[in-house]
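Chain order of the listed sequences is Z and Y.
In this text, residue positions in the first sequence follow the working numbering: the first is 1, and each later residue adds one.
In this text, residue positions in the second sequence follow the working numbering: the first is 1001, and each later residue adds one.
Every residue gets a Cβ at the ideal spot worked out from N, C-alpha and C, and that includes glycine.
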Amino acid sequence: MRVRFILLTIALSLCCAAYLSIGARGDWGFVLSFRAQKLAALLLVGFSLSWATVVFQTITGNRILTPSIMGFDALYLLLLSALVWSIGAQAYQALSAQVLMTASAALLCGAALILFKTVLRAGRGNLMQMILTGVVLSVLFRSLTAYFQRVIDPNEYAVVQAASFARFSNVDTSLLLLAAVLSLGAGLAVWRIRHRLDVTSLGPVLSASLGEPPRRVQWQVLILISVLVSISTALVGPVAFFGLLVTSLTYLVTPSCRHSEILPTAALIAGIILVGGQTLMERVLDLSTPLSVVVEFIGGLIFLFLLLRSLR
Amino acid sequence: MIDIQDVTYKIAGQPILQDVSLQLDKGGIIALIGPNGAGKSTLLSLVARLLPLQTGTIRVDDLQIGQTVDTVLAKKLGILPQELTVASRLTIRDLVGFGRYPYHKGRPSADDHDRVDTALHLFDLSDLAERQLETLSGGQRQRAFVAMAYVQDTDYLLLDEPLNNLDIAASRALMTLLRDLTAGRKRTVVIVLHDINYAAAYADRIIALKAGRVVADGAPDAVVTAALLRDVFETPANVTTVARRQVVLV
Ligand SMILES: Nc1ncnc2c1ncn2[C@@H]1O[C@H](COP(=O)(O)OP(=O)(O)O)[C@@H](O)[C@H]1O
Ligand SMILES: [Mg+2]
């Protein structure tokens, strides 16, 4: 475990160094501080999404579903659009992106609790039902978002539209400080319940028998997932299959079932994929294909593979 | 004592248990028997607070089910449910170790490790300790789950068909172990058994359920009769006595 952990840390450090230095020209001080902000944002996104996905898979008891597949990020965008629409142009001018993000995140916590708790309870153990529900919900959220975007004042439209597409190269760094505080706070809360999550992964019956009934941990986890997903969606937009790619690789490289090992490993792998991938695509290969397309493609293939395997 | 008072449980209007009242005294092995669908698993799940009570009350010593903190009850009452799927690559040692969770909350002490080692040894799992659950046979996995319930070290242990998947050697070993465990009258095992001969051989008391009602209750030689098999299980099997013990001729 130690060796694997050290290797992953070294790999991530190398990726970060490469990201910061390769192809840097001109004023190094300026370039570095500019890139360091983007780097921090990528790491935050990797951390938030990987942890959100791991704990979501733990409470739902499967390794195929992710918050993105269930429509969490689509719901975030819907709430953001609805918020921008409802407060109108004047108020919107006065509000900062930070306030908007916090408000949407808070709304997402409430909505997720109401909506996903019922979905999770009804669908537990029935994978296809949950996936179908997730697909239907995501489509519903997206159409409603599209509706709001159409009725929104064109001046306000920019902010909502920018948030609606996945973009790793053009990260919104104005939200960085707030995002860092929120995601580290949520991360700390997840870390504190890591042992309870271990027990929860034994399934509802055994965990109840061990004095840790899943419903108690479930609502806590749904709130934390909402915060983490809000952060990553605000920073880089919705990404459907990135979380699945990360957790699949994580379960592949760590034999452990303990969250104290799974969580750090997942965060490291997520960082390596994002920072390493971005360096490769943008700096080394100089490709115009966005990293998000590649990540979604591979993640999507994994999703299909896992789904087909579970059907056998 | 587990005190079950007037428990009725319905699913979609259908009564699964009807007016079940039982006093299960402390100490010994109590076997629950009955045909498939009689409500045995439902009754155990209610006692283990895995299902919410609808009517009636259940007390375990001085703790009332439904009003007791989960973590307190986890040290009083252990359950091994009938159908278990733990989808993961847990090793046997990890799984058995979870039985100590109510005590250490994720930070096992040396004593916890010792108890797990003892249990692995008792259940003949020491050689398999580092193997992952999914690489084991059904019987080996079943033993691991029982070992986990065992290290939870509760006064009351509810086991739902633990002999499923076990061969005769493992079944007899498990039943003998349970009898040793309860011999000091300290621990109580409530166990659902399908094989009435095992119930007759090892239990101190047998309770038969049919269609959600208690239809027989008493010492093995009083309960295990041809009449029971005819009326409760609806099969005309004969019962004979071998070495002063009732045996169903199958
Ligand atoms: N979730 C459920 N929905 C509908 N009926 C159920 C459910 N669970 C159990 N039952 C019914 O309750 C009865 C008792 O089940 P159970 O307690 O599992 O029986 P046993 O363990 O004695 O075989 C059965 O007739 C079964 O069909
Ligand atoms: Mg049963």
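Requested in this report: Could you check how far apart the C-beta atoms of residue 71 (chain Z) and residue 138 (chain Z) are, in whole angstroms? I think they sit under 8 Å.
Outcome: 4 Å
Query - Per-residue contacts from residue 255 (chain Z) into chain Y (C-beta, under 7 Å) - result: The answer, in chain order, is 1089.
Report task. Could you tell me whether any Cβ in chain Z is nearer than 9 Å to the Cβ of residue 1092 (chain Y)? Result -> no
Query raised in the report: Excluding the five sequence neighbours on either side, which residues of its own chain have a C-beta within less than 8 Å of the C-beta of residue 266 (chain Z), listed in chain order?
Result: Once the five neighbours on either side are set aside, the close Cβ partners of residue 266 (chain Z) are 50, 51, 53, 54, 246, 247, 250.
Requested in this report: Determine the DSSP secondary structure at residue 1021 (chain Y), reduced to helix, strand or coil.
Outcome: strand
Report task. May I ask you to list, following chain order, the residues of the segment 1101 to 1113 of chain Y that have a beta carbon less than 7 Å from some beta carbon of chain Z? Result -> If the cut-off is 7 Å between Cβ atoms, the segment 1101 to 1113 of chain Y has 1101, 1102, 1105, 1106 near chain Z.
Query - Exposure of residue 28 (chain Z), with buried meaning 16 or more beta-carbon neighbours within 10 Å - result: exposed
Query raised in the report: Within the present structure, is the beta-carbon of residue 1192 (chain Y) separated from the nearest heavy atom of ligand 1 by less than 8 Å?
Result: Yes, Cβ of residue 1192 (chain Y) sits closer than 8 Å to a heavy atom of ligand 1.
Requested in this report: Answer yes or no: do residue 1192 (chain Y) and residue 1234 (chain Y) have a C-beta to C-beta separation smaller than 9 Å?
Outcome: no
Query raised in the report: Distance, Cα to Cα, residue 118 (chain Z) vs residue 1122 (chain Y)?
Result: 43 Å
Query raised in the report: What first and last residue would you give for the beta strand (DSSP E) that runs through residue 1048 (chain Y)?
Result: Neither: residue 1048 (chain Y) is in no beta strand (DSSP E) and is coded neither H nor E.
Query raised in the report: Whose CA, out of Z:94, Z:136, Z:294, Z:232, lies closest to the CA of residue 177 (chain Z)?
Result: Z:232
Report task. Give a yes or no on whether 9 Å exceeds the smallest Cβ distance from residue 1149 (chain Y) to chain Z. Result -> yes
Query raised in the report: Since residue 213 (chain Z) meets chain Y, which of its residues come closer than 8 Å, beta carbon to beta carbon?
Result: Result: 1070.
Query raised in the report: What residues of chain Z sit near residue 1081 (chain Y), judged by a beta carbon separation below 8 Å?
Result: 205, 206, 209
Query - the segment 5 to 23 of chain Z contacting the segment 254 to 273 of chain Z, beta-carbon criterion three pairs below 8 Å - result: Contact holds: three or more Cβ-Cβ distances are below 8 Å.
Query - Spatial neighbours of residue 1197 (chain Y) in its chain, beta-carbon cut-off 7 Å, leaving aside the 5 residues before and after - result: 1247, 1248
Query raised in the report: Mind checking whether the beta-carbon of residue 50 (chain Z) lies closer than 8 Å to any heavy atom of ligand 1?
Result: no
Requested in this report: Kindly list, in the order they appear in chain Z, the residues whose Cβ is closer than 8 Å to that of residue 1073 (chain Y).
Outcome: Neighbourhood of residue 1073 (chain Y) in chain Z, by CB distance below 8 Å: 211, in chain order.
Query raised in the report: Is residue 1085 (chain Y) close to chain Z, meaning its C-beta is less than 9 Å from at least one C-beta of that chain?
Result: yes
Query - Within chain Z, the residues that residue 1097 (chain Y) reaches when beta carbons sit closer than 8 Å - result: Under a criterion of Cβ atoms nearer than 8 Å, no residue of chain Z is adjacent to residue 1097 (chain Y); the nearest Cβ is some 10 Å distant.
Query raised in the report: Checking contacts by CB at 9 Å: is residue 199 (chain Z) closer than that to chain Y?
Result: It does; some Cβ of chain Y falls within 9 Å.
Query raised in the report: Since residue 956 (chain Y) contacts residue 1150 (chain Y) with CB under 8 Å, what's their CB separation in whole angstroms?
Result: Residue coverage of chain Y in this structure runs from 1001 to 1250, which leaves residue 956 (chain Y) outside it and unanswerable.
Query raised in the report: Going by beta carbon distance, what residues of the same chain come within less than 7 Å of residue 1141 (chain Y), once the five residues before and after it are set aside?
Result: 1133
Query raised in the report: Three or more beta-carbon pairs under 8 Å between the segment 1170 to 1179 of chain Y and the segment 1217 to 1224 of chain Y, yes or no?
Result: no
Query raised in the report: Buried or exposed: which applies to residue 25 (chain Z), given that a residue is buried once 16 or more other Cβ atoms fall within 10 Å of its Cβ?
Result: exposed
Query raised in the report: ligand 2 heavy atoms versus the CB of residue 1040 (chain Y): any closer than 8 Å?
Result: yes
Query raised in the report: Cβ of residue 1065 (chain Y) within 8 Å of any heavy atom in ligand 1?
Result: no
Requested in this report: Note the first and the last residue of the continuous alpha helix (DSSP H) segment covering residue 1085 (chain Y).
Outcome: Residue 1085 (chain Y) -> no alpha helix (DSSP H), and no H or E assigned at all.
Query raised in the report: Is the segment 1058 to 1067 of chain Y in contact with the segment 220 to 239 of chain Z, if contact means three or more CB pairs nearer than 8 Å?
Result: no
Report task. Could you tell me whether any Cβ in chain Z is nearer than 9 Å to the Cβ of residue 1066 (chain Y)? Result -> no
Requested in this report: Flag this pair as touching only if the segment 1071 to 1090 of chain Y and the segment 253 to 261 of chain Z have three or more C-beta atom pairs under 8 Å; answer yes or no.
Outcome: yes
Requested in this report: Select from the segment 1030 to 1055 of chain Y all residues with a C-beta closer than 8 Å to any C-beta belonging to chain Z, and list them in chain order.
Outcome: Contact residues of the segment 1030 to 1055 of chain Y toward chain Z are 1048, 1049, 1050 (C-beta to C-beta distance below 8 Å).
Requested in this report: Determine the direct distance from the alpha carbon of residue 23 (chain Z) to that of residue 290 (chain Z), and round the result to whole angstroms.
Outcome: 18 Å
**Report entry** Spatial distance of residue 152 (chain Z) from residue 140 (chain Z) (CA atoms)
**Finding:** 18 Å
**Report entry** Whether residue 1190 (chain Y) touches residue 1030 (chain Y) by CB criterion (9 Å)
**Finding:** yes
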